[in-house]
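Q: Count along the sequence shown from 1, add 213, and you get the number used in this note's numbering. Pasting a structure below so you can have a look.
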Amino acid sequence: MSATAGQAQTERSLAERLGFKPGQVVQELGWDEDAAEELRESIETVTGNELVDEDYDEVVDVVLLWWRDEDGDLVDGLVDALTSLAGGGHIWLLTPKQGREGHVEPSDIGESAPTAGLSQTSSVSAAPEWSGTRLVAPKGRN
């Protein structure tokens, strides 16, 4: 095996680090010009599917929710994101990193998620300008 092939096997894509898997259907909400294209492309590559938008009327495995402080009430946004989510699915809440325009305080996420019926499981650096918070509905929600 060449060094390059070995490197390729150990270097996981952005989407793989976030747990995306082949065949998943991912609904994207809140996209705007500032969204991280490299993350979007990585998700499409890993899942083998194009991202679907808010008009998609089937269930989805994951919701990718781009959210900025000025987007309104986070609880309402999270509740709306749950609409198409399949049982056992999760939401990746993507917010601008601290110091960036539209930054959402972690305490706001921590207060909004339980109100929307969600639990926070992890937080990551999802892209150079974006933080990601993985939110799941508690077991037995359905």
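Note that CB positions come from ideal geometry on N, CA and C, so glycine has one too.
1. If you draw a straight line from the alpha carbon of G345 to that of E318, how long is it in whole angstroms?
2. Distance check for E246 and R253, CA to CA, integer angstroms please.
3. Three or more C-beta pairs closer than 8 angstroms, one from the region 253 to 273 and one from the region 318 to 330: is that the case here?
4. Nearest to G301 by CA position, among A350, G232, P235, is which residue?
5. Assign R347 to one of two classes, buried (16 or more other C-beta atoms within 10 Å of its C-beta) or exposed (fewer than that).
6. Just the C-alpha distance for V275 and G315, rounded to the nearest angstrom, thanks.
7. Start and end of the beta strand (DSSP E) containing P309?
8. Can you find at least 3 beta carbon pairs, one from the region 332 to 340 and one from the region 280 to 299, that sit closer than 8 angstroms?
9. Can you tell me which of W279, L227, W244, E257 puts its alpha carbon nearest to the alpha carbon of P235?
10. Below 7 angstroms CB to CB, which residues in the same chain sit around S338 once its five sequence neighbours on both sides are set aside?
11. Would you call T308 buried or exposed, if buried means 16 or more other Cβ atoms sit within 10 Å of its Cβ?
12. Can you name the residues that DSSP bridges to S338?
A: In short, the structure shows the following:
1. G345 and E318: Cα-Cα distance of roughly 12 angstroms.
2. In a straight line, the C-alpha of R253 is about 12 angstroms away from that of E246.
3. No, they do not touch.
4. Ranking the options by Cα distance to G301, first place goes to A350.
5. Buried, since its Cβ has 16 or more Cβ neighbours within 10 Å.
6. In this structure, the alpha-carbon of V275 lies about 23 angstroms from that of G315.
7. According to the DSSP assignment, P309 belongs to the beta strand (DSSP E) that extends over 298 to 309.
8. Because the criterion of three Cβ pairs below 8 angstroms is not met, the region 332 to 340 and the region 280 to 299 do not touch.
9. By alpha-carbon distance to P235, the top candidate from W279, L227, W244, E257 is E257.
10. So the qualifying residues of the chain are S344.
11. Buried, because 16 or more other Cβ atoms sit within 10 Å of the Cβ of T308.
12. Partner(s): S344.
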